[in-house]
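The numbering used here numbers the first residue of the sequence shown as 6 and each following residue consecutively. The structure appears right after this line, and notes come after that.
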Amino acid sequence: MTITFYDYAVAPSPRRARIVLKEKNIAHETQEIDLMTGAQLSKEFRKINPNATVPALKLEDGTVLFENWGIALWAEEIAPNPSLLGKTATEKGLVASWTAKIDFHGTLAFAEAFRNTVPQMKDRALPGVRNFAQVPELAERGFARLRDFLGDLNCQLENSEFVVGDNFSLADIWAITILDACRWIKVAPGEEHQHLQDWQERVSMRASVKL
6 MTITFYDYAV APSPRRARIV LKEKNIAHET QEIDLMTGAQ LSKEFRKINP
56 NATVPALKLE DGTVLFENWG IALWAEEIAP NPSLLGKTAT EKGLVASWTA
106 KIDFHGTLAF AEAFRNTVPQ MKDRALPGVR NFAQVPELAE RGFARLRDFL
156 GDLNCQLENS EFVVGDNFSL ADIWAITILD ACRWIKVAPG EEHQHLQDWQ
206 ERVSMRASVK L
C-alpha cells in the first residue's frame, strides 16, 4: 500500500500537514476531499476518518492519522531531517510551546471569527459530524483575539529569523497557514507589525509553503 494524504487544498488545516510532508520529502498520493460539497461527511470518507475532517493520512499499514500534531510527530520520526520539532531539548520545548500558543491564540481565534461570520458556515460553526449554529459574539471575540495575536507574534520575531530562533519549524508552519487564511476575513499584519510582515514574506518563498 502507498501513503494516502486526504487534503482540501485551500483549507489551512490540511495545508499544515501538506507543508510537513513536502519539507520531509515523504512520498504519498493525494486525494482531494471537497469540504464545500460536504465530501468529508460522506459514508466513504467517514470510514477513513470518522471525525469527518481533513487532514487525514493513511499509512502503508492502513493506520489513519487524523490530526496535524500526530502527522507531524510521525513524520519527524520516519524522516528526522530536516527537523521541524527542534534539534536540542530547549528548542523542542520552545517549538512545542509556541506551536501550542499559535493554536490557542491564533488558530482558535481565526476559527471563531471565520466560522461564525461566513455565510457558507451557517449551522457549521464547528468542524466534524455535528451541526452547530453560528454565534456572532464569538466572531467579535475572535477578531479581538487576532489583533492581540498579531502583536505578540510581531514581538517574538523582532530578534528572530523564525518563530523559534534560526530554524524553520512547526511553529512557523502553524503561524503562516493561519496568517494566510486570515486574508479571507480581511485581517492582516499592519504597518505596526513590520517584523511579522518581513517574516511572512521570507517564509512564503519556501517551496513547501508557496500557495
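Each residue gets a CB set at the ideal place from its N, CA and C atoms; glycine is no exception. Quick caveat, the model's predicted, so the values are computed rather than measured.
On the criterion of 16 or more Cβ atoms from any shown chain inside 10 Å, does residue i qualify as buried, or is it exposed?
i	result
I83	exposed
C160	exposed
F50	buried
T7	exposed
K29	buried
P17	buried
R188	exposed
L26	buried
S165	exposed
V15	exposed
P226	Beyond the ends of the chain as shown, which are 6 and 216, falls residue 226; an answer cannot be given.
P87	exposed
P19	buried
Between which two residues does the beta strand (DSSP E) carrying residue i extend?
i	result
E65	Per DSSP, E65 belongs to no beta strand (DSSP E) and is neither H nor E.
Q36	34-37
In terms of residue numbering, what span does the alpha helix (DSSP H) encompassing residue i cover?
i	result
F10	Taken as a continuous stretch (DSSP letters only), F10 belongs to no alpha helix (DSSP H), being part of the beta strand (DSSP E) at 9-12.
A186	175-186
G147	141-161
I107	94-107
W74	73-83
W204	199-209
I53	48-53
L113	113-120
I31	I31 -> no alpha helix (DSSP H), and no H or E assigned at all.
Thinking residue i and residue j are a contact (beta carbons under 8 angstroms), I'd like their distance in whole angstroms, please.
i	j	result
I178	I24	5 angstroms
F10	L90	In fact, because the Cβ distance is near 20 angstroms, the residues do not count as touching under 8 angstroms.
A118	G147	3 angstroms
D12	V69	Not quite, the Cβ-Cβ distance comes to about 14 angstroms (not below 8 angstroms), so this is no contact.
W103	V169	6 angstroms
V214	I181	6 angstroms
D201	L162	This sequence places Leu at residue 201; Asp is not what is there. That pair is a contact at about 6 angstroms.
I31	A80	6 angstroms
R150	H110	6 angstroms
I107	A186	Not really, about 12 angstroms apart at Cβ, beyond 8 angstroms.
Closest to residue i by CA distance: which of the options is it?
i	options	result
A138	S174, A186, D128, L162	D128
V140	Q125, L131, N121	N121
A114	S88, E145, V123	E145
V100	A212, S174, F71	S174
A219	D66, L64, I38, L151	A query on residue 219 cannot be resolved here, the shown segment of the chain reaching from 6 to 216 and no further.
N172	F71, D185, K52, W204	W204
P124	S209, H33, A212, M41	M41
T35	R211, E142, L64, A212	L64
F167	A116, M126, E96	E96
With 8 angstroms as the threshold, decide whether the Cβ of residue i is near any Cβ in chain B.
i	result
A94	Of the protein chains in the structure, only one exists, and it is not chain B.
(Q) I want to know whether the region 149-159 touches the region 191-201 - three or more CB-CB distances under 8 angstroms. (A) yes
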